[in-house]
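Okay, so here's the structure we're looking at.
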Amino acid sequence: MHLSAQVRKRVRETEKFVRLLTAIQTQIEYALTPTDSLLQKLSESEEFQNFSFIHLVAQQFFNGDSLQTAWNTALQKYAPSSALQSQEKELISAFSESFGSTDKYGQRANCTFFITQLEMQADELRKTAQTKSRLYCTLGILSGIFFTILLL
Amino acid sequence: MDAQIQEEFIQISAILPKRIRELFFNLPPSLLNSLIELRLRANGPMLLVSPARSFYLTVGGKPTYMRSEHLFCTSQHELQDIVTHACGYSVHSHQEDLKNGCLTVAGGHRIGLCGTAVTENGKIIGIREISALNIRIAKEIPNAARETLLLGFQSGLQNLLLVGAPMSGKTTVLRALATELANGYIGTPVKCTVIDERSELFPATRFESGRGNTLDILSGYSKAEGISLAVRALSPDIIFCDEIGSSEDVGAIAEGVRCGVKFVATAHADSIETLYARQSLKPLFADKIFDTVLVLGTKEQVGKVTGIVKAGEQDVEICGGSADSGLLHLDGRAFVRAGA
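The listed protein sequences derive, respectively, from chains A and B. Quick note on numbering: the first sequence equals residues 658 to 809 in the working numbering. Quick note on numbering: the second sequence equals residues 13 to 352 in the working numbering.
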């Protein structure tokens, strides 16, 4: 059951990043928000105020790191306390390669691509979680029956 | 190293890759002090420009006037990094600047971009394959406007056009004029509005001291939009605009003057003749918008007035320090240029 809970946590965290990238895309596409204001806004927003990753990015960036360095350093610091695995981490890290370095259309394409990839990853994980949950449930019932038979 | 150099250097070095930054830290302060431009080329040597002489740096960071195979070169990737950094990692927010080939960074330093234009439906929408950058270092020069004030505002406010070739100090003089007039040069503080289209005249965090309380800065507005807004909402006595050139700018200034506002503007031209040859500016002279035109010099004469044309009531006037004298007939008007 613990393994299944871990997968569910991984799904929730991947979804959180999907929402983060969606918020970034919205800000860039509709308001052409500069990166410093964008990080400030996201850190202060109700949705992400408890999301330590974005606070770490903002902190690194305002300390003078390049955006890509800030993003990746934040990911390194955030990852150990999260359930994210290498597949999600690679996608999240790759997003930063073009973040802030192209025009509005380039940013839209970058956001859309990584949102789609992370959504697909979340779907996969959801299916895995379901399958594992069913498997563990079946195993539990079978074990119960087995022990009952033994006791009889 | 004095404080001003440090500030300028920190601002400029903040956008440079570490490899280049380290070279600068090793240059003598007197050399840093004299720099007015850094010219970086993709896969080419970096040229450092001072008014006296330009020089390269060797791979080891030593200044040299000679071209050789051992000069410090910058890569295209480094140029792209500088641009991305100068945009604050927000290239999407600087598309208009990139389209116009010029970025302004903190401190008012200007970066000219050279590359391949990206076009869509015949219009430039961006720039790619950046091949060269020209970083112009903005300097605060005390009393930069002294001569211009004496020549242009001794008897009160008037419409003044400052002309000069690139690097003649137009922007610096304009900034100083705005500050002096706002601080009461003509005896009383004047309500000044600066249309700072590229945020280089009064960038945030610089030139803040001694601005006066009557200096309003419209940052990021196009000149036409800024003038219209200022006239409508800020009731200025005088409006300052840098580098006018389009017919929209000319139309907005003419309209502003008709509303009773005075203007100080700058324009690119290395002489009165070339100024009058600029088609888009012709309506300004036909409608007698500017009372005085001052020509600024370059190199050793940076920021100094080298020629004056005054439009008098009888379409004639005066004087100045231009190299040759004579009578100019332009748009049916006669102007006398006094000899040196």
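We treat Cβ as the ideally placed atom computed from N, Cα and C, and that holds for glycine.
Test item: CB-CB of residue i and residue j under 9 Å
{"i": "Leu-173 of chain B", "j": "Thr-304 of chain B", "result": "yes"}
{"i": "Ile-137 of chain B", "j": "Cys-126 of chain B", "result": "no"}
{"i": "Ile-24 of chain B", "j": "Ile-147 of chain B", "result": "yes"}
{"i": "Asp-254 of chain B", "j": "Arg-290 of chain B", "result": "no"}
{"i": "Pro-144 of chain B", "j": "Arg-51 of chain B", "result": "Checking the sequence, you will find Ala at residue 144 of chain B rather than Pro. In this structure, Arg-51 of chain B lies closer than 9 Å to Ala-144 of chain B by Cβ."}
{"i": "Ala-279 of chain B", "j": "Ile-239 of chain B", "result": "no"}
{"i": "Thr-160 of chain B", "j": "Val-185 of chain B", "result": "yes"}
{"i": "Glu-745 of chain A", "j": "Leu-713 of chain A", "result": "no"}
{"i": "Phe-620 of chain A", "j": "Ala-680 of chain A", "result": "Nothing about residue 620 of chain A can be read from this structure; chain A reaches only from 658 to 809."}
{"i": "Ser-283 of chain B", "j": "Val-262 of chain B", "result": "no"}
{"i": "Val-269 of chain B", "j": "Ile-229 of chain B", "result": "no"}
{"i": "Val-175 of chain B", "j": "Leu-296 of chain B", "result": "no"}
{"i": "Ile-685 of chain A", "j": "Leu-699 of chain A", "result": "no"}
{"i": "Glu-267 of chain B", "j": "Val-243 of chain B", "result": "yes"}
Cα-Cα separation, residue i to residue j
{"i": "Thr-773 of chain A", "j": "Arg-122 of chain B", "result": "39 Å"}
{"i": "Asn-707 of chain A", "j": "Ala-662 of chain A", "result": "21 Å"}
{"i": "Ile-48 of chain B", "j": "Ile-320 of chain B", "result": "26 Å"}
{"i": "Ala-156 of chain B", "j": "Asn-195 of chain B", "result": "15 Å"}
{"i": "Val-130 of chain B", "j": "Leu-678 of chain A", "result": "27 Å"}
{"i": "Leu-91 of chain B", "j": "Arg-765 of chain A", "result": "24 Å"}
{"i": "Phe-719 of chain A", "j": "Asp-693 of chain A", "result": "8 Å"}
{"i": "Ala-688 of chain A", "j": "Leu-695 of chain A", "result": "10 Å"}
{"i": "Met-58 of chain B", "j": "Ser-42 of chain B", "result": "19 Å"}
{"i": "Ala-298 of chain B", "j": "Thr-128 of chain B", "result": "38 Å"}
{"i": "Leu-241 of chain B", "j": "Phe-165 of chain B", "result": "25 Å"}
{"i": "Ile-798 of chain A", "j": "Thr-805 of chain A", "result": "11 Å"}
{"i": "Lys-761 of chain A", "j": "Ala-715 of chain A", "result": "21 Å"}
{"i": "Ala-98 of chain B", "j": "Glu-212 of chain B", "result": "13 Å"}
{"i": "Cys-331 of chain B", "j": "Ser-46 of chain B", "result": "Low local confidence applies: a pLDDT of 40 at Cys-331 of chain B is under 50, so the model's placement there is unreliable, and no value is given."}
{"i": "Ala-323 of chain B", "j": "Gln-107 of chain B", "result": "40 Å"}
{"i": "Leu-105 of chain B", "j": "Glu-747 of chain A", "result": "First, the residue type needs correcting, since residue 105 of chain B is Ser and not Leu in the sequence shown. Roughly 27 Å between the two C-alpha positions."}
{"i": "Ala-277 of chain B", "j": "Leu-189 of chain B", "result": "11 Å"}
{"i": "Thr-730 of chain A", "j": "Ser-750 of chain A", "result": "10 Å"}
{"i": "Phe-752 of chain A", "j": "Leu-732 of chain A", "result": "12 Å"}
{"i": "Gly-119 of chain B", "j": "Ala-150 of chain B", "result": "7 Å"}
{"i": "Ala-779 of chain A", "j": "Cys-114 of chain B", "result": "43 Å"}
{"i": "Tyr-101 of chain B", "j": "Ile-27 of chain B", "result": "11 Å"}
{"i": "Ile-256 of chain B", "j": "Asp-109 of chain B", "result": "16 Å"}
{"i": "Leu-44 of chain B", "j": "Val-95 of chain B", "result": "22 Å"}
{"i": "Thr-759 of chain A", "j": "Asp-93 of chain B", "result": "12 Å"}
{"i": "Lys-784 of chain A", "j": "Gly-124 of chain B", "result": "53 Å"}
{"i": "Leu-308 of chain B", "j": "Leu-39 of chain B", "result": "31 Å"}
{"i": "Asp-722 of chain A", "j": "Glu-20 of chain B", "result": "20 Å"}
{"i": "Val-103 of chain B", "j": "Ser-167 of chain B", "result": "47 Å"}
Cβ separation of residue i and residue j, assumed to be a contact under 8 Å, to the nearest whole Å
{"i": "Ala-786 of chain A", "j": "Val-668 of chain A", "result": "6 Å"}
{"i": "Ser-180 of chain B", "j": "Thr-310 of chain B", "result": "5 Å"}
{"i": "Gln-88 of chain B", "j": "Asn-55 of chain B", "result": "7 Å"}
{"i": "Gly-757 of chain A", "j": "Leu-724 of chain A", "result": "5 Å"}
{"i": "Lys-274 of chain B", "j": "Leu-169 of chain B", "result": "5 Å"}
{"i": "Lys-203 of chain B", "j": "Ser-234 of chain B", "result": "About 21 Å; that fails the 8 Å criterion."}
{"i": "Thr-86 of chain B", "j": "Arg-53 of chain B", "result": "7 Å"}
{"i": "Leu-35 of chain B", "j": "Leu-83 of chain B", "result": "About 11 Å separates the two Cβ atoms, so there is no contact after all."}
{"i": "Ile-207 of chain B", "j": "Phe-252 of chain B", "result": "7 Å"}
{"i": "Tyr-735 of chain A", "j": "Ser-709 of chain A", "result": "6 Å"}
{"i": "Ile-227 of chain B", "j": "Thr-183 of chain B", "result": "Reading off the sequence, residue 227 of chain B comes out as Leu, not Ile. So it is not a contact: roughly 16 Å between Cβ atoms."}
{"i": "Pro-215 of chain B", "j": "Thr-116 of chain B", "result": "7 Å"}
Buried versus exposed call for residue i [16 or more other C-beta atoms within 10 Å across all chains shown]
{"i": "Phe-37 of chain B", "result": "exposed"}
{"i": "Arg-791 of chain A", "result": "exposed"}
{"i": "Val-328 of chain B", "result": "For Val-328 of chain B, the predicted structure reports a pLDDT of 36, less than 50, and the residue's modelled location is therefore unreliable. A value from the coordinates is still provided. So Val-328 of chain B counts as exposed."}
{"i": "Met-78 of chain B", "result": "exposed"}
{"i": "Gln-717 of chain A", "result": "buried"}
{"i": "Ala-346 of chain B", "result": "Only weak support exists for where Ala-346 of chain B lies, its pLDDT of 39 falling under 50; the coordinates are left without a value."}
{"i": "Arg-187 of chain B", "result": "buried"}
{"i": "Asn-225 of chain B", "result": "exposed"}
{"i": "Cys-890 of chain A", "result": "In the structure as shown, chain A starts at 658 and stops at 809, and residue 890 of chain A therefore has no counterpart that could be examined."}
{"i": "Ala-64 of chain B", "result": "exposed"}
{"i": "Gly-272 of chain B", "result": "exposed"}
{"i": "Ala-727 of chain A", "result": "buried"}
{"i": "Leu-796 of chain A", "result": "exposed"}
{"i": "Phe-771 of chain A", "result": "buried"}
{"i": "Ile-802 of chain A", "result": "exposed"}
{"i": "Glu-670 of chain A", "result": "buried"}
{"i": "Ser-800 of chain A", "result": "exposed"}
{"i": "Gln-326 of chain B", "result": "The pLDDT assigned to Gln-326 of chain B is 37, lower than 50, so where the model puts this residue is not dependable; a value taken from the coordinates is nonetheless given after this. When all chains shown are included, Gln-326 of chain B counts as exposed."}
Bridge partners - residue i, DSSP secondary structure assignment
{"i": "Ile-7 of chain B", "result": "Missing from the structure shown is residue 7 of chain B; chain B here goes from 13 to 352 and no further."}
{"i": "Ser-66 of chain B", "result": "B:Val-61"}
{"i": "Thr-116 of chain B", "result": "B:Arg-122"}
{"i": "Pro-75 of chain B", "result": "B:Leu-69"}
{"i": "Arg-140 of chain B", "result": "B:Thr-128"}
{"i": "Arg-765 of chain A", "result": "Partner(s): none; Arg-765 of chain A has no beta bridge."}
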